[in-house]
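Chemist: Below is the structure I would like to discuss, written out as structure tokens.
Encoded structure:
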């Protein structure tokens, strides 16, 4: 999903924003907006670690259930450098 947008950040690549990049942007925006705010972790409750990898990036979300809803505790996303 993110890889189509990340190609625009590489050196010697002409910038293009097409339907594929717009779709990825809207999907990412929707995912991030669904976690309105981060919450403080409750040490007494289990947490869930969600990992996503592509050839271009690594992302992780730490989630905990609060009042029967999943809440974001922490997130991390990194671009992999030197990928083609």
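Residue numbers (the UniProt record's numbering): 1 to 84.
Glycine included, C-beta positions come from ideal geometry on N, C-alpha and C.
Using a threshold of 8 Å, state whether the C-beta atoms of residue 47 and residue 41 are closer than that.
Modeler: yes
Chemist: From the DSSP output, which residues share a beta bridge with residue 39?
Modeler: None; residue 39 has no bridge partner.
Chemist: Flag this pair as yes or no: are the beta carbons of residue 37 and residue 66 separated by less than 8 Å?
Modeler: no
Chemist: Can you check which of these residues, 17, 19, 79 and 25, is closest to residue 53 by C-alpha distance?
Modeler: Closest by alpha carbon: 79.
Chemist: Is the distance from the Cβ of residue 63 to the Cβ of residue 51 below 8 Å?
Modeler: No, Cβ-Cβ distance for residue 63 and residue 51 is not below 8 Å.
Chemist: Which residues bound the beta strand (DSSP E) around residue 70?
Modeler: 69-79
Chemist: In terms of alpha-carbon separation, which member of 49, 82 and 77 lies closest to residue 70?
Modeler: Among 49, 82 and 77, the Cα nearest to that of residue 70 belongs to 49.
Chemist: Tell me whether residue 19 sits in a helix, a strand or coil according to DSSP, three-state version.
Modeler: helix
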